[in-house]
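Asker: Each number in the numbering used here corresponds to the 1-based position in the sequence shown with 119 added.
For glycine and all other residues, C-beta sits at the position ideal for the given N, C-alpha and C.
These numbers were taken from a predicted model, which means no experiment stands behind them.
Sending over a structure as structure tokens; questions will come in a sec.
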Amino acid sequence: MQTIVREAQGRLKIGRPVAIIDIGSNSVRLVAYEGLARALTPIYNEKVLCGLGRHVATTGRLDEDAVDRALRALARFRVLCDTMQVSDVFVLATAAARDATNGPAFLEAAAEACGRPISLLSGGEEARFSALGIVAGFHEPDGIVGDMGGGSLELVDVKGATVGKGITMALGGLALQDVSGGSLKKAQKIVCAALERAPEYLENLKGRTFYAVGGTWRALARLHQAATDYPLHVMHSYILNPKDGLDFLHLVEEADAKTLKDIESISEARRPLLAYGAIVLEEIIRLGEPKEVAISAFGVREGVLFDKLDPDTRRRDPLLAAASDLNLLRSRSPRHGEELCEWTEAFMRSLGIAETENETRLRRAACLLADIGWRAHPDYRGEQSLNLIAYGAFAGLDHPGRAYLALSIFFRHEGLSPDKVGSRIRNLAGPRYLERARLLAALMRVAYPVSVSMEGILPQAPLRVRGKQVVLQLPLHLQDLANERLAGRMKALGKLLGMEPVIEIER
120 MQTIVREAQG
130 RLKIGRPVAI
140 IDIGSNSVRL
150 VAYEGLARAL
160 TPIYNEKVLC
170 GLGRHVATTG
180 RLDEDAVDRA
190 LRALARFRVL
200 CDTMQVSDVF
210 VLATAAARDA
220 TNGPAFLEAA
230 AEACGRPISL
240 LSGGEEARFS
250 ALGIVAGFHE
260 PDGIVGDMGG
270 GSLELVDVKG
280 ATVGKGITMA
290 LGGLALQDVS
300 GGSLKKAQKI
310 VCAALERAPE
320 YLENLKGRTF
330 YAVGGTWRAL
340 ARLHQAATDY
350 PLHVMHSYIL
360 NPKDGLDFLH
370 LVEEADAKTL
380 KDIESISEAR
390 RPLLAYGAIV
400 LEEIIRLGEP
410 KEVAISAFGV
420 REGVLFDKLD
430 PDTRRRDPLL
440 AAASDLNLLR
450 SRSPRHGEEL
460 CEWTEAFMRS
470 LGIAETENET
480 RLRRAACLLA
490 DIGWRAHPDY
500 RGEQSLNLIA
510 YGAFAGLDHP
520 GRAYLALSIF
530 FRHEGLSPDK
540 VGSRIRNLAG
550 PRYLERARLL
560 AALMRVAYPV
570 SVSMEGILPQ
580 APLRVRGKQV
590 VLQLPLHLQD
600 LANERLAGRM
610 KALGKLLGME
620 PVIEIER
């Protein structure tokens with residue numbers, strides 16, 4: 120009789136879940152993660168749009184109805200965390216609770232409702248954690264982080280893992296709506312005056328990336344994707360061209376929100392704030408002249424958890440960490456994925472193709488992800504792998520890189536013809552990544568008939584370029600692998616490279 124294992128096999132053995140409860144000026148959110156790790160994987164995410172900061176700028180107090188909604192949400196979150204057996208719950212409060220005269224009383228009631236102590240972040244701490252969220256979520260970031268919440272806007276410089284001193288301004292969506300009396304023209308004047316008092320941040324932004332953090336800016340990016348018919352509905356690392364962005368932001372400011380394409384995907388409570396978020400972002404682009412705007416799904420919450428990692432873990436590449444986790448959870452032999460990295464690396468050296476540092480990490484990630492679709496029906500392994508990768512919760516990965524990874528594994532299963540996949544994802548990858556994806560897939564299509572995804576085989580069967588030939592060397596005890604199937608895969612690789620394919624048996 121088969122033994123039934125009751126413990127979840129699709130979870131990493133990294134301890135119990137951890138969670139963040141973020142008491143913001145607009146929303147109160149719970150995010151629970153699988154565990155404290157370099158590649159954070161959410162297992163539950165829920166928010167309640169309470170609007171705590173809606174009238175703080177003019178009345179100085181948290182709205183009583185908003186307080187009641189927030190306390191009910193926090194009580195629910197306490198039960199959810201207990202149900203998930205969360206080991207550590209970090210509860211954060213930001214601008215609204217910081218600025219309101221009844222903030223201390225609210226925090227006392229909130230701590231009782233959620234059953235945990237609450238950390239009230241200063242503006243400087245909020246900026247620092249936002250920047251650490253960008254360090255956690257992007258590969259070698261370089262620019263200015265802007266975190267726009269309901270009550271405030273934080274700006275902070277980040278380069279690599281180095282975070283500068285941040286500044287906080289009362290330019291959150293709810294705060295602007297409040298002090299401007301609902302006038303967008305007045306709000307624009309307030310934004311311009313405030314940003315002109317922070318010239319060092321905008322001067323340092325020129326020609327660099329602006330990392331846009333916050334729900335309002337993510338909502339704007341979602342609408343921009345809909346307006347441009349963008350093929351990949353993933354917010355993290357979505358790039359907004361500043362010139363195109365200015366035209367779109369101006370449209371948002373001028374238009375009735377109900378007329379915007381895909382507006383139904385934005386909650387009704389957030390829609391009135393879109394114009395204020397557009398005003399702030401437009402002025403940052405106009406005054407700072409960034410080369411691009413990168414939308415971030417990472418922010419304060421991820422920054423707080425990143426700060427709790429040990430130094431060695433913080434230095435890990437987030438993309439490779441996530442790919443390693445999926446390799447462990449979903450492949451037939453995790454060690455084989457690691458060997459595939461080294462096997463393809465040796466081939467690339469023999470071929471003499473120069474890889475950038477980023478291209479090397481992408482190739483390695485693809486090798487670790489190469490076998491995650493094996494449980495699917497054979498006719499759909501390529502399609503399922505493409506979807507898992509293109510829409511996966513990866514950090515440290517831009518959208519062309521996502522397309523490259525997805526295409527590599529798709530072609531590995533479906534064959535090397537570009538016509539087998541839609542033009543939209545091919546265009547997203549671009550010509551260079553498309554050809555690199557086909558090459559890597561061709562290598563994988565040679566590797567798997569040799570190794571059948573088992574460890575220890577690929578190191579015995581090196582693939583090398585020798586003059587005008589591409590040569591696969593098999594040891595004598597593996598000579599029977601050299602059948603028509605393997606010869607056909609070698610022929611396809613040779614055709615792609617313009618070389619003669621050769622299978623050698625070592626005597």
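Tell me, please, whether the segment 169-186 touches the segment 195-208 by the rule of three or more beta-carbon pairs shorter than 8 Å.
Answerer: At 8 Å Cβ cutoff, the stretches do not touch.
Asker: Leaving out the 5 sequence neighbours to the left and right, which residues in its chain are closer than 7 Å to Tyr523 when beta-carbon positions are compared?
Answerer: For the purposes of this step, residue 523 is taken as residue 404 along the sequence shown, with counting starting at 1. If we look at Tyr523 and ignore the five residues flanking it on each side, its Cβ neighbours are Leu481, Ala548, Tyr552, Arg555, Ala556.
Asker: Nearest by alpha-carbon distance to Arg434: which of His352, Ala255, Phe209, Thr213 is it?
Answerer: For the purposes of this step, residue 434 is identified with residue 315 of the sequence shown, where counting begins at 1. Of His352, Ala255, Phe209, Thr213, the residue nearest in Cα terms is Ala255.
Asker: Under three-state DSSP, which class holds Leu168?
Answerer: As a first step, residue 168 is located in the sequence shown; it is residue number 49 there, counting from the start. DSSP places Leu168 in strand when its eight states are reduced to three.
Asker: If you drop the 5 nearest sequence neighbours on each side, which residues of the same chain put their C-beta closer than 8 Å to that of Glu402?
Answerer: As a position in the sequence shown, residue 402 is number 283, starting the count at 1. Hits under 8 Å: Gln307, Val310, Cys311, Leu314.
Asker: Cutting at 6 Å between CB atoms, please list the residues of its own chain near Arg180, excluding the five before and the five after it.
Answerer: In the sequence shown, the residue the question calls residue 180 occupies position 61. Ala219, Thr220, Asn221.
Asker: Is it true that the segment 573-580 meets the segment 493-502, where meeting means three or more beta-carbon pairs spaced less than 8 Å apart?
Answerer: They do not touch, by the three-pair rule.
Asker: Starting from Asp444, follow the alpha helix (DSSP H) in both directions and report where the run begins and ends.
Answerer: The residue labelled residue 444 in the question sits at position 325 within the sequence shown. Taken as a continuous stretch (DSSP letters only), the alpha helix (DSSP H) holding Asp444 covers 437-449.
Asker: Would you say the segment 353-361 touches the segment 405-425, given that touching needs at least three Cβ pairs under 8 Å?
Answerer: Yes: at least three Cβ pairs fall under 8 Å.
Asker: Just tell me which of Val584, Glu319, Thr287 has its CA closest to the CA of Ile472.
Answerer: In the sequence shown, residue 472 corresponds to position 353, counting from 1. Among Val584, Glu319, Thr287, the Cα nearest to that of Ile472 is on Val584.
Asker: When the Cα of Gly252 is compared with those of Glu165, Ala317, Gly515, which residue comes out closest?
Answerer: Position 133 of the sequence shown holds residue 252. With distances taken between Cα atoms, Gly252 lies closest to Gly515.
Asker: For Ala397 and Gly129, what's the separation of their Cα atoms in angstroms?
Answerer: As a working mapping, residue 397 is identified with position 278 in the sequence shown. As a working mapping, residue 129 is identified with position 10 in the sequence shown. Their Cα atoms are separated by approximately 41 Å.
Asker: So what does Leu585 bridge to, in DSSP terms?
Answerer: Against the sequence shown, residue 585 aligns to sequence position 466. Here residue 585 is Arg; the residue named in the question, Leu, does not match the sequence. According to DSSP, which records beta bridges pairwise, Arg585 is partnered with Gln588.
Asker: Rounding to the nearest angstrom, what Cα-Cα distance links Ala479 and Leu365 in this structure?
Answerer: Locating residue 479 in the sequence shown gives position 360, counting from the first residue. Locating residue 365 in the sequence shown gives position 246, counting from the first residue. Here the sequence assigns Thr to residue 479, which means Ala is not the residue at that position. If you take the alpha carbons of Thr479 and Leu365, they lie about 35 Å apart.
Asker: Alpha carbon to alpha carbon, how far is Glu153 from Ala317?
Answerer: As a working mapping, residue 153 is identified with position 34 in the sequence shown. As a working mapping, residue 317 is identified with position 198 in the sequence shown. Rounded to the nearest angstrom, the two C-alpha atoms are 39 Å apart.
Asker: Mind checking who Ala413 pairs with in its DSSP beta bridge?
Answerer: To locate residue 413, count along the sequence shown from 1; it is residue 294. In DSSP, Ala413 forms a bridge with Tyr330, Ile358.
Asker: Excluding the 5 residues preceding and the 5 following His532 in the sequence, name in chain order all residues of the same chain whose CB lies nearer than 6 Å to its CB.
Answerer: Stepping through the sequence shown from its first residue, residue 532 is reached at position 413. Arg500, Gly501.
Asker: State the DSSP-derived secondary structure class of Ser238, mapped to helix, strand or coil.
Answerer: On the sequence shown, position 119 is the one that residue 238 refers to. Here Ser238 sits in strand by DSSP.
Asker: Assuming Leu351 contacts Lys380 under a Cβ cut-off of 8 Å, what Cβ separation, rounded to an integer in Å, is found between them?
Answerer: By one-based count along the sequence shown, residue 351 stands at place 232. By one-based count along the sequence shown, residue 380 stands at place 261. Wrong, their Cβ atoms sit about 17 Å apart, outside the cutoff.
Asker: What does DSSP give as the partner residues of Lys278 in its beta bridges?
Answerer: Translated into positions along the sequence shown, residue 278 becomes position 159. DSSP output for Lys278 lists Asp261, Thr281 as bridge partner(s).
Asker: For Ile139, which residues does DSSP report across the bridge?
Answerer: Position 20 of the sequence shown, counted from the start, is the residue given in the question as residue 139. Answer is Val150, Phe209, bridged to Ile139.
Asker: Using a threshold of 8 Å, state whether the C-beta atoms of Leu168 and Asn145 are closer than that.
Answerer: On the sequence shown, position 49 is the one that residue 168 refers to. On the sequence shown, position 26 is the one that residue 145 refers to. Yes.
Asker: DSSP has Glu625 in a bridge; who is on the other side?
Answerer: Here residue 625 refers to the residue found at position 506 when the sequence shown is read from its first residue. Beta-bridge pairing links Glu625 to Pro594.
Asker: Taking the alpha-carbon positions, what's the Phe425 to Gly262 distance?
Answerer: Counting from 1 along the sequence shown, the entry for residue 425 is found at position 306. Counting from 1 along the sequence shown, the entry for residue 262 is found at position 143. Approximately 19 Å, taken between the alpha carbons.
Asker: Can the beta-carbon of Leu559 be found less than 8 Å from the beta-carbon of Ala484?
Answerer: Along the sequence shown, read from residue 1 onward, the residue named residue 559 stands at position 440. Along the sequence shown, read from residue 1 onward, the residue named residue 484 stands at position 365. No, the pair does not count as a contact, with Cβ atoms beyond the cut-off.
Asker: So for Pro161, helix, strand or coil by DSSP?
Answerer: As a first step, residue 161 must be located in the sequence shown, where it is residue number 42. Three-state DSSP puts Pro161 in a strand.
Asker: Put Asp381 into one of helix, strand or coil per three-state DSSP.
Answerer: Walking along the sequence shown from the start, residue 381 turns up at place 262. In the structure shown, Asp381 sits in coil (DSSP, three-state: anything other than H, G, I, E or B).
Asker: Applying the criterion that 16 or more other CB atoms from any shown protein chain within 10 Å of the CB defines a buried residue, is Glu383 buried or exposed?
Answerer: Counted from its first residue, the sequence shown places residue 383 at position 264. Glu383 should be labelled exposed.
Asker: Taking only beta-carbon positions, decide if Met288 is within less than 8 Å of chain B.
Answerer: Considering every chain present, this structure includes no chain B. It has just one protein chain.
Asker: Just verifying my parser: in three-state terms, what is the DSSP assignment at Met267?
Answerer: Start at 1 with the first residue of the sequence shown, and residue 267 comes out as number 148. Of the three classes helix, strand and coil, the one that applies to Met267 here is strand, per DSSP.
Asker: What does the alpha-carbon distance come out to for the pair Phe513 and Asp444?
Answerer: As a position in the sequence shown, residue 513 is number 394, starting the count at 1. As a position in the sequence shown, residue 444 is number 325, starting the count at 1. Distance between the alpha carbons of Phe513 and Asp444 is about 11 Å.
Asker: Would you mind working out which of Val589, Lys614, Val569 sits nearest Gln598, comparing C-alpha positions?
Answerer: Numbered from 1 along the sequence shown, position 479 holds the residue referred to as residue 598. The residue with the shortest Cα to Cα distance from Gln598 is Val569.
Asker: Whole angstroms are fine: how far does the CA of Thr287 sit from the CA of Gly300?
Answerer: For the purposes of this step, residue 300 is taken as the residue at position 181 of the sequence shown. For the purposes of this step, residue 287 is taken as the residue at position 168 of the sequence shown. Looking at the two C-alpha atoms, the distance is approximately 22 Å.
Asker: Looking at the structure shown, is Pro519 part of a helix, part of a strand, or coil, going by DSSP?
Answerer: Indexing the sequence shown from 1 puts residue 519 at position 400. Pro519 falls in the helix class under three-state DSSP.
Asker: When DSSP builds the beta bridges, which residues end up paired with Met288?
Answerer: Within the sequence shown, residue 288 is the residue found at index 169, counting from 1. Note: Met288 sits in a beta bridge opposite Leu272.
Asker: By a C-beta neighbour count over all protein chains shown, 10 Å radius and 16 as the cutoff for buried, is Ser356 buried or exposed?
Answerer: On the sequence shown, position 237 is the one that residue 356 refers to. The residue is buried, with at least 16 neighbouring Cβ atoms inside 10 Å.
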